[in-house]
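Working notes for the structure below.
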Amino acid sequence: MAKKNEYSGAEKLAILEELKTGGGTLVEVAHKYNLHKKTLRAWRHQYELYGMEGLEIRIKNNRYSPELKLQAV
146 MAKKNEYSGA EKLAILEELK TGGGTLVEVA HKYNLHKKTL RAWRHQYELY
196 GMEGLEIRIK NNRYSPELKL QAV
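Offset between the sequence shown (1-based) and the numbering used here: plus 145.
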């Protein structure tokens, strides 16, 4: 499985600006940056709702220590 690309908030904003200023269609810009068009739509929506904060990378921590698991029970 290929590793997912990670873009900073500034990089996401630059890609969205390219899309907005006529740098290509949604599909063309997505292809240029090896993204799915749904990803670009999601970034655009997050930016419209939350501004730059919406584009910042969110780190998920899906691994829980055994101690934390026991506390949850």
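Glycine is no exception: its CB is placed at the ideal position from the N, C-alpha and C atoms.
Note to self: Quick check on the burial criterion: 16 or more other C-beta atoms within 10 angstroms. Buried or exposed for leucine 213?
What the structure shows: Within the sequence shown, residue 213 is the residue found at index 68, counting from 1. Exposed: under 16 other Cβ atoms inside 10 Å.
Check: Below 8 Å, can you find three or more Cβ-Cβ pairs linking the segment 193-205 to the segment 166-185?
Finding: Cβ pair count under 8 Å is below three, so no.
Next item on the list: Please classify glycine 167: does DSSP put it in a helix, a strand, or coil?
Entry: Counted from its first residue, the sequence shown places residue 167 at position 22. Glycine 167 sits in coil when the DSSP states are folded into three classes, being neither helix nor strand.
Check: According to the Cβ coordinates, are glutamate 156 and valine 174 closer than 9 Å?
Finding: Counted from its first residue, the sequence shown places residue 156 at position 11. Counted from its first residue, the sequence shown places residue 174 at position 29. Taking 9 Å as the cut-off, the beta carbon of glutamate 156 is found no closer than this to the beta carbon of valine 174.
Check: Which value, in whole angstroms, describes the spacing of the CA atoms of methionine 146 and arginine 203?
Finding: Position 1 of the sequence shown holds residue 146. Position 58 of the sequence shown holds residue 203. The predicted model places methionine 146 with a pLDDT of 40, which falls under 50 and marks its position as unreliable, so this point remains unresolved.
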